[in-house]
Amino acid sequence: MKVTFYGHSCFKIITEEGKKILIDPWISNPLAPKNIDLGPYDFILITHAHGDHLGDTLKLARTAVTEVIAIHEIQQYLLKQGIPKVTGMNIGGTYKVNNLKFTMVPALHSSSFPDGGYGGSACGFVITLENGTSLYHAGDTGLFYDMKLIGELYSPEVALLPIGDHYVMGPKEAAKACDLIRPEIVIPMHYETFPILTGDVESFKKELKKYNIPTVLIVPKIGEEITI
Ligand code: NI
Ligand code: MN
30 MKVTFYGHSC FKIITEEGKK ILIDPWISNP LAPKNIDLGP YDFILITHAH GDHLGDTLKL
90 ARTAVTEVIA IHEIQQYLLK QGIPKVTGMN IGGTYKVNNL KFTMVPALHS SSFPDGGYGG
150 SACGFVITLE NGTSLYHAGD TGLFYDMKLI GELYSPEVAL LPIGDHYVMG PKEAAKACDL
210 IRPEIVIPMH YETFPILTGD VESFKKELKK YNIPTVLIVP KIGEEITI
């Protein structure tokens, strides 16, 4: 798969069969690169309704080429805003489409729309690609022990985990998350966007060393496509 980090929690994934996925589409975030792919995407995934994750969905998803996948409450909101193709689901379920599987998993976080409306539960996603490889995007979350179940059930090769602290896990918690999930590769996210997100890659690296696990830390340059 090809993975491009667009800053904050926004990632573009290109699958083996060439499907284009954008997760947490805040492409106007302060760290976003200039060469951002504006789509159309095959799928846009939204982990929760906070503005830094719902992001630019209303701009990017106004085409029936793009299928948005989100929790029920976000689906209802987007349909009311005139977004043509939105699939709602809920935590625990797997949606199979185009030889891909999207599993909605828990996240320990709140969720409200920028206008204050209730956004349903916050969630994460496990994407299982055509060849069986899987990737876990944790969304915004605190550490929770059931991350171990995500590892046991879906064995994600790649985990995208927040490390910025304050609103989400910091480096210490994210390292423990790796111990629970045991991915081959971890990519940190949700850091450096604002001064209040103080969790940094160096601390994460140190915390990871405390666990005797084979997980490899990859820190992509923003806007750089990496092949995994
Ligand atoms: Ni949030
Ligand atoms: Mn956030």
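In the working numbering, the protein residues as written are 30 to 257. The C-beta atom is built at its ideal place from N, Cα and C for all residues, glycine as well.
If you follow the beta strand (DSSP E) that residue 80 is part of, which residue opens it and which one closes it? Looking at the DSSP string, residue 80 is not in any beta strand (DSSP E); the run it does join, the alpha helix (DSSP H), is 80-83.
Cβ-heavy atom distance, residue 81 to the ligand MN, below 7 Å: yes
Using a Cβ-Cβ distance cut-off of 8 Å, determine whether residue 175 contacts chain C. Here there is only one protein chain, and chain C is not present.
Does DSSP put residue 40 in a helix, in a strand, or in coil? strand
Which full runs of the alpha helix (DSSP H) of 4+ residues lie inside the stretch 160-241, going along the chain? 176-183, 200-210 and 230-238
Among 60, 187 and 205, which one has its Cα closest to the Cα of residue 171? 205
According to the neighbour-count rule (16 or more other Cβ atoms, all chains shown, within 10 Å of its Cβ), is residue 92 buried or exposed? exposed
Give a single yes or no on whether residue 219 has its beta carbon closer than 7 Å to a heavy atom of the ligand MN. yes
Alpha carbon to alpha carbon, what distance is there between residue 228 and residue 71? 32 Å
Residue range of the beta strand (DSSP E) that includes residue 51: 49-52
At a cut-off of 7 Å, would you count residue 169 as near the ligand MN, judging by its Cβ distance to the nearest heavy atom? yes
DSSP three-state label for residue 254, please. strand
Taking only runs of the alpha helix (DSSP H) that begin and end inside the stretch 92-168, which ones reach a length of at least 4 residues, in chain order? 101-109
With DSSP collapsed to three states, give me the class of residue 60. coil
Touching or not, the stretch 92-102 and the stretch 159-166, by the rule of three or more beta carbon pairs under 8 Å? no
Are at least three pairs of beta-carbons, each pair with one atom in the stretch 74-93 and one in the stretch 141-150, less than 8 Å apart? yes
For the putative contact between residue 30 and residue 158, defined by C-beta atoms under 8 Å, what is the C-beta separation to the nearest angstrom? 6 Å
What do you reckon, is the C-beta of residue 196 under 7 Å from a heavy atom of the ligand MN? yes
So, does the stretch 45-65 touch the stretch 213-227, judging by three or more C-beta pairs under 8 Å? yes
Residue 51 to residue 42 span [Cα, whole Å]: 6 Å
Going by other Cβ atoms of all chains shown within 10 Å of its Cβ, with 16 needed for buried, is residue 175 buried or exposed? exposed
Should residue 77 be listed as close to the ligand NI, given that the test is whether its C-beta is under 7 Å from any heavy atom? yes
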